[in-house]
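Here the structure is laid out as structure tokens; the discussion comes afterwards.
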Ligand SMILES: [Zn+2]
Ligand SMILES: [Zn+2]
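This is how it looks when you write it as structure tokens:
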């Protein structure tokens, strides 16, 4: 029985000291709790900052990557378009040059076949004599005064003036 009482007393003492301890520690514990809370908040804040910065950096690097890819793609397309256009224009130029060359050849050979009026430089349709042709009887008559001295038809009876125009060219 004594034993039990003593034990009870002891317990009581323990309780008392526990309560006292509690009172004494309450403030530091409170402070500590606040300190930890503050540290936790700070750490959380720092972590959030770091995360935000990391995400921002990733975003920027992604943006840069995407931009570079787009730029590269754009450059490729531009290069291809440029080459296509150059090829197209080169082909066009070649065919243009060929056409012009052919036309020039045709015109030249046609011009060589043609004879020109001595008087007015139109295309001649009447031939008088060597190297002398006219577009019309009027041109032949206007030229006759100077031409009569040289006309190779003269000896064949052209003496008396600009007789009939020579045979039309297409009948020669
Ligand atoms: Zn003429
Ligand atoms: Zn003549």
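In UniProt numbering, the protein residues as written are 1 to 172.
Even glycine gets a Cβ: it sits at the ideal position worked out from N, Cα and C.
Proximity test, residue i beta-carbon vs ligand 1 heavy atom, cut-off 8 Å
i: residue 119; result: yes
i: residue 124; result: yes
i: residue 102; result: no
i: residue 136; result: yes
i: residue 151; result: no
Exposed unless 16 or more other CB atoms sit within 10 angstroms - verdict on residue i
i: residue 132; result: buried
i: residue 92; result: exposed
i: residue 56; result: exposed
i: residue 30; result: exposed
i: residue 128; result: buried
8 Å contact criterion, which residue i and residue j should meet: CB distance rounded
i: residue 117; j: residue 135; result: 4 Å
Under the three-state DSSP convention, the category residue i falls into
i: residue 173; result: Here the chain comprises residues numbered 1 to 172, so residue 173 is not present and cannot be evaluated.
i: residue 116; result: strand
i: residue 86; result: helix
i: residue 96; result: helix
i: residue 123; result: strand
Residue i: CB within 8 Å of a non-hydrogen atom of ligand 2
i: residue 129; result: yes
i: residue 132; result: yes
### Task
Decide if the stretch 104-123 is in contact with the stretch 136-144; the criterion is three or more beta carbon pairs, one per stretch, under 8 Å apart.
yes
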